[in-house]
Each structure stands twice: as structure tokens, then as C-alpha cells.
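A quick write-up on the structure given underneath.
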Amino acid sequence: MKRYLALLLVVILFAVSCTPAGTAEDHIGGADPEAPKVKLGLVTDTGGIDDKSFNQGTWEGLVAYKVGAKLEEENVKFLQSTSDADYIPNLTTLAEEGMDLVVAPGFLFEDAIKQFSTDFPEQKILFIDAAVDAPNVMNAVFAEHEGSYLVGVAAALKAQEAGKNKVGFIGGADFELIQKFEAGFEQGVKAIAPEMEIVIQYATAFDKPEEGQTLASKMYDDGVYVIYHAAGGTGNGAIKEAKDRRENEEDVWIIGVDKDQYEDGIYSGGDVESAILTSMIKRVDLAAYRAAQAVADGTFEGGTVEYKIKDEGVGIPAENPNLTDEWVNTINEYKDKIAGGEITVDPVPSRVK
Amino acid sequence: MKERHYSHLTISLIAIGLSFIIASVVMLLTGINPLNFFIAIIRTMTGINLRTMDFNPRLIGEFIQISMPMVLSGLAVGFAFRTGLFNIGAEGQVIMGSLGAIVIGILLDLPGLIHLPLAIIVAGIFGGIWASVPGILKAKFGIHEVVITIMLNYTAMYLSAWALKLLPGSDNQKTINLPASALLRSDFLRSITNNSRLHWGFLIVIAALVIYWFVIEKTVFGYELRSVGFNRHASEFAGMKVSSRIIYSMVISGVFAGLAGAMLSLGTFDYGRVLYSFENYGFNGIAVALLGGNTALGILLAGLLYGALQSSQAMMQAQGIPLEIAVIVSGLIILFVAMQHGIRMFLDHRSAKRREAAHVTRAD
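Right, dumping it as C-alpha cells:
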């Protein structure tokens, strides 16, 4: 017994002495002294870094910038939060570590950002999905209703082809931001098929896949053909339900959100590869990338930037294996009309008015 | 020869040490320098960065702030434990206490000298009432408290979410901000700790620790509670009112948990949050009470350890240690604490063997 303990101790000590003791914090890296090497930090909400949604998307934007600008690995980092009590300490830690830009994705950060931006008035902050009015906060908001309009069009076209008359929407929680998704989807469906029935359901939170699966299951049982989910992790349960049903040769579809979720919908044994009809993409990565660039260029300023359909800030993926070319053309027509101002999408659903 | 006695402190320290060793191995296997882990913990607890010798009082403030609800929920679980009751419902009682504080904070408009104490007292009462349900059911009908308390956790979560949304000005996520008169927050404490969220709640925690120690160790009532915990039937035979002791024990346990809820809603945050998932303050309380051996001092130390692990997560991640490692270490500590009996047996077995060996040599 003692021998093993001693061996263990030796292994540990050896490894401890071998690993480099920390990272040089004052390291000025990079080959090109002309381009300022910025330090970028991200704080995730409780969904975690691999939420297949905006935490992950934002991080991918920062990573893309890191690769492009050849930043040091340790100068781009993320801190994950386990509860909303962690938001302020996590943000503060990044500020104290000397990050040039601190990114917080998600409206849940609103109160934390208000506090944080006054505690650190010099800290450049990117806040995604909501707006805090402070000179050091750049807010990135998205026209989700415009993007959702397009997937509404897709859902209606698909349902018409199958001779179905029911589509559905699952929201993560019932409040203004998610209602924008609902509103756009509703108007998009109605644009193609004014008579089509739209079933609306809201979950209680964004991190409850089991709830998403139950809601989706009920909807499909009621004859809903395509579901559009705007529910983050909760929506992953709905995707699972769609996959399970397709594996059992039931013809149902689901539409992804935030990122291209095609890969999450891949299942085996069907005539198509994935249960994801298409996805409503929200380019949080673009917002993160541009903010990082602005900090490096010295052009960063506070205020709100809205990413719309005409800025490619929202939309559908470039590749849509489950949509016909004809449908994609129709969708693109609507896209151009929205971008050109010919169609104005209302961010408030009819249910709420 | 006298049986060598290993104190609870020794066993707990061995448990913590073992869990740290295993955690180090896990870190080495995943290519992380364990030294960073320990530096992060020390930095969190003392505010001192061993690498640069910088001192940041904010870290101490945050560390204490995060530990406060842990200690209180540890006291809640520990108090029930001493009477032989397993209060898994601390989570729900924390939620109810938090709700009570919010309701008073938002609905009443009073001067600070009355408003804040009233909000805290009502938080305690809400927690106590919530815990009295399993207490009464246990005492009167013999229904096991574990089942009832688990179910009541969910009831509390949804009841609180529903009630908070009913308060004037609430949306689906949170209530309006509480008036300053109801808050534990202090600009003074904030300013001396470099803008941490440290608040006056630590005075309540200290008072709760003293009361816990005094009631359990120094009063007849506490003696009776412990006696019921050791042997319910013998206590009944000796003339104690066992059922009323069970109810009182649960209620007091709930009051401690309710106070933990007040720490969260009046100190850490300044608004009520509509939550549909548990935050684990109550469940962590179970581990804190177990680790602390259900004594006031032990629970304080265990709560601080848990608070340190929790609040060092930011620092660890900034050092490149994933969040998962911090969570693994917390899990390992619980695991080893649960194995306390095993550790004790192993130590006893070893010292018995030594004695035997000593006997043999002497006989020779």
C-alpha cells in the first residue's frame, strides 16, 4: 500500500515539476508589432460553452478572430458560469486579468453588465442580445423576426408539399425576445399559406431538453408536421424527438435555431440524412468577430448595432440539403424583399397584440 | 490497551486530502498543471496571487459572500441531522426563504431599520413553515421526511416562480429591484473589498452559528433533540415529547435554510429571480453538514471550503483549468466524506495490526 502511495507521490511531483509553471502573463506575442494583439474574454451563461447555440457561436467568432490575427492561445479565453450568481465575478475576473474586450452573450447578463460597466468604466464590453446604455458597452442585437420569417416560409412550403396543414413553434420562455422568433415565423408561414394552423408552445427555460421533447412529442401527436424551435438546450430535446420519429419512419421535421443545426439532426436509416429542415441562423459569431476587430483597430465604440437580414446578420444556411432549389429561390425572393424594405416584418406576434 | 480514537477533524482532513490527490491525478491525466489549481484556491481565499504577490481584497469578499448561504444551509441540514432527521428539503426551504424576503422587500415600504430585519425574519419564518410540513407529517403519521422534503423542493420551486411573477412589475424572468431599505448590501463593505458583493449577511451567519452551538450543546432542549437523534424509543421511554421535538427540529432547520435564502435575494442579488431549476444551495448544505460533522465549527469550516471551491471557479478557468475539474473536486470531496466510515475502519484496522505486531515483538 505504502509503496503505491509513494509511487503516486513521485508521479505527481515529477509531473508538477515538468509542466511549465503557468503562463507568462506579460508575454508580448506575435510576429507583427504593427497590429495590436488584443486579449479577448468570453463569459458564458449557464448553458455552457458547448450549448450548440449562442455561447458556442460567440466563442467561434472569437476563435475565428484569434486564428486570423494569430493571437496567442492563452489570450483568448472563456469562463463558464454555473449559476447567475457567477456572472459578475466571472466578468470581473476577466477585467482584472487585463482583457481588452469582454464578451457576454445573452440577455440574462443585463443586470450584471449594468453593474460591471460602471465598476470598470474603461473596460470595452460586447453585450449580445439586449442593450445596456453605457459608453463602454457595444450592444449587438439581431432582427430575429426577419430570419424567422424565412424559416416560416420554408416550413409552409414543406407542409404544403406533404399536404399537411399544421406547423408548430416551441419557444424557450415566453417574453419579448423569443416572441420575435414566434412573430416572424407566423408571418412567414401566413405569407405562403394563409390558412395554415400554427401551434404555439412555450417551455419554462432554455436548459430543459426533457421538456422540449415532451412538447414536441405532443405537437407531433396532434398532427404538427414541422416544428420551429427557439429554445436553446430545451430545443435539443425537440430535435431528439424529431430524430426518434424519423427513425421510426414517421414523416416529421424540425427547424433549428441560432446556428446551422443540420448536424444535430443527423439520424440513421432514413431516406434523408438529417431531421433538420433548415435553421434560422443568428450570426453571433459575426458580432463577436467584428467587435474584436474594432477593439484591435481602435474603432470600438459604445452603442447598439442591429444585425439585420440585409447585413447577413440573420438568415438561413448556405447549404440546405432538405430544401429543393425552387424553395430556396422562393425564400431568397422573400429575403430580398425584406432586405429591400418591401416587406416589413412585425416583431410582435398576433397572439400578443 | 486503549483504543486509539480518530477525531472527526482527522477523518475529514484525510478525506479532503485524498480527494485533492485524486483531483491532481485527474488534472495530470488531462494535461493540466495541478499547481495552478491550488494557487487559484489560495488566491480565492486570501486574495493573494502567489505568482505576482498581488493582493486583491475583492476575492476575499466574494469568497465570504459565496460561503454564507452554504454555511447557513449546512446548519439547516446539520440541525435536523442531530435529531436523526434527514432534511433533503433545505433546497426548497432556501427558495421559500428567498421568496419571503422578496415579498416583504417589494410589497412593503418601510424605513431601513424595520424593513430589512422584517424581510430577514419573514425569510426565516417562510423556511420554517415550509419545513414544518414534513416535521408534522413525520411526527404525527410517521411518514418518512426524505420523501416529503424531496417532493416539497419541487413544490417550492414552482410555487416561488409563480408567486414572484405575480408581484407588481415582475416579468417572466425576474421581479423589480428591491428598495435599498430592504437590502443587506453595503457600500462600505463594497468599498473596502474593491467592489465585491460582500454584504452584512455575515453578521447573521455568525449569530446563526452561535445560536446553533448554544442550542445544541448547552440547552436541555438541545440535549433532548440529540437524544431523540440517538434513540427515539429510549427518549420516549425516558419521558421526552418525541413528536414535538421532531417538529421543532424541522422548523428550526427550516429557519436556517430560510435565512440562507435571504442572503441570496437581499445580498447577492437585489431582485427576485424566477427559476425553474435548482441552484443546489440546499443540496450543498447536505454535503457541508456531513463534512462538518454536524457541529457549528465543522459546518463553518466545511461551508468555507465549499465556498472556496465555488468562488475559485472563475480564477481556475482563467488559469486554463476547465470548470469541470472544479466540479469533479467538489464531487470527490463528497465521495470521500461519504466513505468516512471506510477511512475510519481502515485506520482502526491498521492501528489494531500495529498493536498486534507490538504484542508479538514483546512476547518474543
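First to last, the protein sequences are chains A and B.
Under our numbering, the first residue of the first sequence is numbered 1235, with each subsequent residue one higher.
Under our numbering, the first residue of the second sequence is numbered 37, with each subsequent residue one higher.
Ideal Cβ positions, reconstructed from N, Cα and C, are used throughout, including at glycine.
Everything numeric in this text was worked out from a predicted model, so none of it was measured.
task = Could you pull out every residue in the same chain whose Cβ sits closer than 6 Å to the Cβ of Gly258(B), ignoring the five residues on either side in sequence?
result = Contacts found: Val251, Ile252.
Could you name the residues of the stretch 311 to 325 of chain B whose beta carbon sits closer than 7 Å to any beta carbon of chain A, in the order they occur along the chain? Listed by position along the chain: Tyr312, Ser313, Glu315.
- Residue environment, Thr1292(A), which counts as buried when at least 16 other CB atoms sit within 10 Å: With 16 or more other Cβ atoms within 10 Å, it is buried.
> Considering Gln353(B), what are the terminal residues of the alpha helix (DSSP H) in which it resides?
Replying inline: Start and end: 349 to 354.
When the distance is taken between beta carbons, is Arg79(B) closer than 7 Å to Asn85(B)? Taking C-beta atoms as the reference points, Asn85(B) and Arg79(B) count as a pair closer than 7 Å.
- prompt: Cβ of Leu1179(A) less than 7 Å from any chain B Cβ?
  reply: Absent from the structure is residue 1179(A), since the part of chain A shown begins at 1235 and ends at 1587.
Counting C-beta neighbours from all protein chains within 10 Å, is the total for Val246(B) 16 or more, i.e. buried, or is it exposed? Burial state of Val246(B) is exposed, judged by a 10 Å Cβ sphere holding fewer than 16 other Cβ atoms.
Practice item. Identify, in the order they occur along the chain, each residue of the same chain with its Cβ nearer than 7 Å to the Cβ of Leu1276(A), setting aside the five sequence neighbours on each side. Key: These residues qualify, in order along the chain: Thr1292, Trp1293, Leu1296, Phe1312, Val1337.
Pop quiz: Ala302(B) and Leu214(B) are said to be a contact at Cβ under 8 Å. What is the actual Cβ separation, rounded to whole angstroms? In the sequence on display, residue 302(B) carries Leu and not Ala. The C-beta distance from Leu302(B) to Leu214(B) rounds to 7 Å, short enough to meet the 8 Å contact threshold.
- Listed in chain order, which residues of the stretch 1303 to 1328 of chain A have Cβ atoms closer than 8 Å to some Cβ of chain B? For the stretch 1303 to 1328 of chain A, which is checked against every Cβ of chain B, the residues closer than 8 Å are Glu1308, Lys1311, Phe1312, Leu1313, Gln1314, Thr1316, Ser1317, Asp1318, Ala1319, Asp1320, Ile1322, Pro1323, Asn1324, Thr1326, Thr1327, Leu1328.
Under 7 Å between C-beta atoms of Ala1472(A) and Ala1437(A):
Going by C-beta atoms, Ala1472(A) is not nearer than 7 Å to Ala1437(A).
Given this structure, state the Cα-to-Cα distance separating Gly1264(A) from Leu1305(A), to the nearest angstrom. In this predicted model, Gly1264(A) has a pLDDT of only 34, less than 50, meaning its place in the structure is not dependable; the value taken from the coordinates is given anyway. In a straight line, the C-alpha of Gly1264(A) is about 7 Å away from that of Leu1305(A).
Requested in this report: Return helix, strand or coil for Ser196(B), following the three-state DSSP convention.
Outcome: In the structure shown, Ser196(B) sits in a helix (DSSP, three-state: H, G or I).
Look up Pro1581(A) in the DSSP assignment and say whether it is helix, strand or coil. It is coil, neither helix nor strand.
Review point. If you draw a straight line from the alpha carbon of Ala1605(A) to that of Asn208(B), how long is it in whole angstroms?
Key: For residue 1605(A) there is no data in the structure shown, the boundaries of chain A being 1235 and 1587.
>> Tell me the rounded alpha-carbon separation between Lys1544(A) and Ser1382(A).
In response: Rounded to whole angstroms, Lys1544(A) to Ser1382(A) spans 14 Å at the Cα level.
### Message
For the beta strand (DSSP E) containing Pro1339(A), name the first residue and the last one.
### Response
First-last of the beta strand (DSSP E) with Pro1339(A): 1335 to 1339.
Closer than 8 Å at the beta carbon, the chain B residues around Ala1407(A)
Result: Asn208, Gln209.
Following the continuous beta strand (DSSP E) through Ile1359(A), name the residue where it begins and the one where it ends.
Counting along the chain, the beta strand (DSSP E) containing Ile1359(A) begins and ends at 1358 to 1362.
ask   = By DSSP, does Asp1284(A) sit in helix, in strand, or in coil?
value = Asp1284(A): coil per DSSP, three-state reduction.
Q.
Once the 5 residues before and after Leu371(B) are set aside, which same chain residues still bring their CB inside 8 Å of it?
A. Cβ within range, chain order: Ser55.
Exercise. Please compile the residues from chain A whose C-beta is within a distance smaller than 7 Å of the C-beta of Gln353(B).
Key: Among the residues of chain A, those whose CB is under 7 Å from the CB of Gln353(B) are Leu1313, Gln1314, following chain order.
Notebook entry, point to check: When the Cα atoms are used, what is the spatial distance from Arg268(B) to Leu121(B)?
Noted result: Those two C-alpha atoms are separated by around 11 Å.
> Using Cβ-Cβ distances below 7 Å, what residues of the stretch 1408 to 1439 of chain A are close to chain B?
Replying inline: Here the close residues are Asp1408, Phe1409, Thr1438, Ala1439.
| said: Please state the DSSP three-state secondary structure of Asp1492(A). | reply: Residue state, collapsed to three classes: strand.
What residues in its chain sit with their C-beta under 6 Å from that of Val1539(A), if we drop five residues either side in the sequence?
-> Exclusion of the five residues before and after Val1539(A) leaves Ala1374 as the residues of its chain whose Cβ lies within less than 6 Å of its Cβ.
At which residues does the beta strand (DSSP E) containing Thr1558(A) begin and terminate? From DSSP, Thr1558(A) is part of no beta strand (DSSP E); its letter is neither H nor E.
field: Residue range of the unbroken alpha helix (DSSP H) whose run includes Tyr1462(A)
entry: Tyr1462(A) -> not in any alpha helix (DSSP H); beta strand (DSSP E) instead, spanning 1460 to 1464.
- Message: Quick check: Tyr1459(A) and Phe1419(A), are their CB atoms within less than 7 Å of each other?
- Response: In this structure, Tyr1459(A) sits away from Phe1419(A), with a CB-CB distance that is not shorter than 7 Å.
query = Under the three-state reduction of DSSP, which class applies to His1261(A): helix, strand or coil?
reply = In this predicted model, His1261(A) has a pLDDT of only 29, less than 50, meaning its place in the structure is not dependable; the value taken from the coordinates is given anyway. Here His1261(A) sits in coil by DSSP.
Cα-Cα separation, Lys389(B) to Phe382(B)
Spanning the alpha carbons of Lys389(B) and Phe382(B) requires a straight line of approximately 11 Å.
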